[in-house]
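Trainee: Here the protein sequences come in this chain order: A and B. Using the working numbering, you'd call the opening residue of the first sequence number 65 and step up by one each time. Using the working numbering, you'd call the opening residue of the second sequence number 1255 and step up by one each time. C-beta atoms are modelled at their ideal positions from N, C-alpha and C, and glycine is treated no differently. One structure is given below, represented as structure tokens, and several questions about it will come after.
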Amino acid sequence: MKTFKLGGVHPAENKISENKAIEVLPIPKQVQIPLGQNLGAPSVPIVKKGDEVKTGQLIAKGEAFISSNIHSSVSGKVLKIDNVNDQSGYKRPAIVINVAGDEWEENIDRTDTLKKNITASKNEIIKKVHELGIVGLGGAAFPSHVKLMVPKGKKAEVLIINGVECEPYLTADHRVMLEKANELLVGTKILMKALGVNKALIGIENNKPDAIEHLSKLSKEYEGIEVHPLKVKYPQGGEKQLIKALTNREVPSGTLPIEVGCVVQNVGTALAVYEAVQKNKPLFERVVTITGKAIKNPSNFLVRIGTPISELIEACGGIPDKTSKIIGGGPMMGKSLVTPDAPIVKGSSGVLLFDEKESKRVEEKACIRCASCIKVCPMGLEPVLISQLTKLEMYEEAEKNNIMDCIECGSCQYTCPSGKPLLDYIRLGKFKVGQIIRNRGKN
Amino acid sequence: MNLLTVSGSPHVHGDNSVKKVMYGVVYALIPAMLISIYFFGFDAVRVLLISVAACLLFEWLIQKYLIKGPATINDGSALITGILLAFNVPSNLPIWIIIVGAFVAIGIAKMSFGGLGKNPFNPALVGRVFLLISFPVQMTSWPIAKPLFSSVVTDAITGPTPLGILKDGLRSGEKVSDIITQLPSYLQQLVGDMGGSLGEVSAIALLIGGLYLLIRKIITWQIPVAYLGSVIIFTGILWLVNPEQFVNPLFHLITGGLMLGVFFMATDMVSSPMSSKGQIIFGLGCGIITVVIRIWGAYPEGVSFAILIMNALTPLINNSFKPKRFGEVVKIDHK
């Protein structure tokens, strides 16, 4: 079975919510929609305090190239545009809306009928994806239209749909593949048309046999789409690892997937693209897994963007007594939250609750130079070396040892027998080296 | 609700720990330990206990009174050094010499560099080589193996190891085929029925331990394969050139400290290189130096020296042989 070759780990999968069908979460009384949801520049609000908005109405524009539009996820009145605690733990600007009813923009097709026939042209597709605020739903929230605009001199050859969901616990993508299979396959065809490619590969890890079977069966009706089961290995959902696993092409260090003719989109993104292009629906809701061993009822919810995470926890039976860590995302790459009131954003794939024991890191011991971190690094780096160089503030050396190649998957720290906080240092090092590189450009 | 814990990802940890790694090595040493007790009886137990106790004591004392850090003696590392040091000495070694060896191993080779993970050389080997140079007589008079429960009633008879017999014989002009007749059979050598240091005699027990380490993924194949491979090829070529002057590769494999060195000391993670390529270079270096010393050196055995010399080269190897990077096609211009 296919997989990437270099490094990787296999953490306990704990997909406890995988058999829970997607439920629609009731609309909360208030939403906080952050302006900086995507990778790149934050969006600029075009509504003001007191404005009445409808569900799906444009409320903030992405003006920079790598930026994205934001639409209201509810109908109601704008209470304020103010700083709120987002998932990063910082206070950042958000549009706060008090909910009244649920009145949608009229031009959104709210029916469930599958619209298979793609009438939009290549440029119309890219325009729709841009206008309706579609970003990558796998976690990084990279604006999708940017990926669809292939730079001059490069050529897209194959579209890769990421159904790997290699993060333990998370099952949102799994449910989408089971319950929205036709929609995401049409979405894939739309993306193929936008890129001008006639081949799409859907990669799914082998721990989701039902999704593999279901999509394999349905994909026969869609020309050019192949479903590939993959051996379970983290971080296979990383773009570069997935491309390697499916096509055996290696994206050169410091470049984007298009360098080897590939464009990667998440299954959730393919669904959002379908809804945008065929149903005219902006991205204002998404499927979110809420899980944890102590939670009464781990679930997969369809959630409006801006819903406080505490609402999701309540809907699962309330916060368990000994909860001491709330993670936005999965356990390997998610961020631990400062407050459960932080809002769900476009990039939120899950919420994970840990008790005291699970929240604790293991005790740090001396490094025994076992090289485990080197063996598991999917980028072929020396985590022990670059974290040490960062600790010693030897940033130029860290750069020479390719610290910027690190994808922050955390495999090194996960596997370190000495419990070293390797990724903490590497993240800091990447930040410092990034600064140095930018300053170098200025001189 | 409690205050929330906030920390960077990853939020989960695999179940590996220093303790698990170290005790894995200890378990792998058990077969060789049992064989040594079988062949050398109570003396083997005595040497093992004293060596382990002395190593633990020196580590505890230095950690507590000189380094003033948290106790580290239960992490298993000093225990391994104790066992390996015992494995590297004859079973009739006087107690005080063992204690001196333990002091050099733990006190000088390990703790003076800062303790676990900081030592450039394998501590047990430094201890052994120190003893070999300081007490050459006591360190090279090996008791003849005397199986437990056997009816042979002999007082401690000592003699040289097969490698020693070979070296002396060749020096005095004898042919390999003649010398071999004076030696234990290959089968005896394989199970460990011959003169030698405690833990090195049984190639088969060490091989079992080595396989256990490989299966548990505590060590990787690169160093053992490169080390054994280079010894086989190097001695094989010499043997093909002149079988009367150079003994066959099998003899080299199952005598002396080769198996112990290959699986338990060259693979010591602290003092060996980290990348796969580096580990292969390290193994090759160990193999070549071992053979050179065995055949042309003053000592009959070269495993300890070979590994220590390659330990010294480890930082250089780490710098020169980097792991294979993902997407390593574009040269990054640092200007």
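Classify Glu457/A: buried if its beta carbon has 16 or more other beta carbons within 10 angstroms, exposed otherwise.
Mentor: exposed
Trainee: Pull up the distance between the alpha-carbon of Tyr1553/B and that of Ile1547/B, whole angstroms please.
Mentor: 7 Å
Trainee: Taking the beta carbon of Asp1329/B as the centre, do at least 16 other beta carbons fall within 10 Å, making it buried, or is it exposed?
Mentor: buried
Trainee: Considering only C-alpha positions, which residue in the set Leu449/A, Lys429/A, Ala430/A is nearest to Cys437/A?
Mentor: When each option's Cα is compared against that of Cys437/A, the closest is Leu449/A.
Trainee: By the criterion of Cβ-Cβ separation under 7 Å, what are the contact partners of Thr479/A in chain B?
Mentor: Gly1268, Asn1270
Trainee: Under the DSSP definition of a beta bridge, which residues are partnered with Glu116/A?
Mentor: Lys141/A
Trainee: What are the boundary residues of the alpha helix (DSSP H) that Phe1384/B is part of?
Mentor: 1377 to 1388
Trainee: Have a look at Leu1494/B and Pro485/A and give me their C-alpha separation to the nearest angstrom.
Mentor: 53 Å
Trainee: Identify the contact partners of Lys304/A in chain B, using a Cβ-Cβ distance below 8 Å as the criterion.
Mentor: Phe1580, Gly1581
Trainee: So for Glu269/A, helix, strand or coil by DSSP?
Mentor: Reduced to three states, the DSSP call for Glu269/A is strand.
Trainee: With a Cβ-Cβ cutoff of 8 Å, do Gly1268/B and Val291/A count as a contact?
Mentor: no
Trainee: List the residues of chain B that Glu314/A touches, going by C-beta distances under 7 Å, in chain order.
Mentor: Phe1580, Gly1581
Trainee: For Leu70/A, return the contacting residues in chain B, with the cut-off set at a CB-CB distance below 9 Å.
Mentor: Near Leu70/A (Cβ distances below 9 Å), the residues of chain B are Pro1577, Lys1578, Arg1579, Phe1580.
Trainee: State whether the stretch 489 to 496 of chain A contacts the stretch 1272 to 1280 of chain B, with contact taken as three or more CB pairs (one from each stretch) at a distance under 8 Å.
Mentor: no
Trainee: I need the boundaries of the alpha helix (DSSP H) containing Lys246/A, first residue and last residue.
Mentor: Strictly speaking, residue 246/A in this sequence is Asn, with Lys absent from that position. Start and end: 245 to 259.
Trainee: Within the 8 Å Cβ cut-off, does Thr1489/B reach chain A?
Mentor: no
Trainee: Report yes or no: is there a C-beta of chain A within less than 8 Å of the C-beta of Leu1258/B?
Mentor: Using a CB distance cut-off of 8 Å, Leu1258/B counts as an interface residue toward chain A.
Trainee: Keeping to the same chain, check which residues put their C-beta closer than 7 Å to that of Ile1561/B; ignore five residues upstream and five downstream.
Mentor: Around Ile1561/B: Asn1376, Leu1379, Gly1515, Met1519, Ala1520, Cys1540.
Trainee: Helix, strand or coil: how does DSSP classify Gln300/A here?
Mentor: coil
Trainee: For the putative contact between Ala1282/B and Gly1463/B, defined by C-beta atoms under 8 Å, what is the C-beta separation to the nearest angstrom?
Mentor: 4 Å
Trainee: Secondary structure at Gln499/A, three-state DSSP: helix, strand or coil?
Mentor: helix
Trainee: Should Asp150/A go down as buried or exposed, given a rule of 16 or more other Cβ atoms within 10 Å for buried?
Mentor: buried
Trainee: By alpha-carbon positions, which one of Phe68/A, Leu70/A, Glu77/A, Gly325/A ends up nearest to Lys357/A?
Mentor: Checking every option, the nearest Cα to that of Lys357/A belongs to Glu77/A.
Trainee: Give me, in chain order, the residues of the same chain whose beta-carbon lies closer than 6 Å to that of Cys326/A; leave out the 5 immediate sequence neighbours on both sides.
Mentor: Counting only Cβ-Cβ distances below 6 Å, and skipping sequence neighbours, we find Val222, Ile224, Ile307.
Trainee: Considering only the beta carbon of each residue, do Gly1355/B and Phe1312/B sit closer than 8 Å?
Mentor: no
Trainee: For the pair the stretch 1437 to 1456 of chain B and the stretch 1479 to 1493 of chain B, tell me if three or more CB-CB distances fall below 8 Å.
Mentor: no
Trainee: Quick one: does Pro442/A have its CB under 8 Å from some CB of chain B?
Mentor: yes
Trainee: Looking only at C-alpha atoms, which of Arg350/A, Val440/A, Ala105/A sits nearest to Asn133/A?
Mentor: Ala105/A
Trainee: Give the interface partners of Ser1558/B over in chain A, defined as CB-CB distance under 7 Å, in chain order.
Mentor: Result: empty, since nearest Cβ-Cβ is about 20 Å, beyond 7 Å.
Trainee: Using a Cβ cut-off of 7 Å, which residues of the stretch 412 to 431 of chain A contact any Cβ in chain B, in chain order?
Mentor: Answer in chain order: Phe418, Ser423, Arg425, Val426, Lys429, Ala430, Cys431.
Trainee: Could you check whether the Cβ of Pro1264/B sits closer than 8 Å to any Cβ belonging to chain A?
Mentor: yes
Trainee: With Lys421/A as the anchor, note down where its alpha helix (DSSP H) starts and where it stops.
Mentor: 420 to 423
Trainee: Hey, would you say His135/A sits closer than 8 Å to Phe348/A, going by beta carbons?
Mentor: yes
Trainee: Between the stretch 1455 to 1470 of chain B and chain A, which residues of the former have a C-beta closer than 8 Å to a C-beta of the latter?
Mentor: When CB distances to chain A are screened at a threshold of 8 Å, not a single residue of the stretch 1455 to 1470 of chain B falls below it.
Trainee: From what residue to what residue does the beta strand (DSSP E) around Leu294/A run?
Mentor: 289 to 294
Trainee: For Ala1298/B, I'd like the list of residues in its chain whose CB is within less than 6 Å of its CB, leaving aside the five on either flank, ordered along the chain.
Mentor: Ser1290, Ile1291, Ser1345, Leu1452
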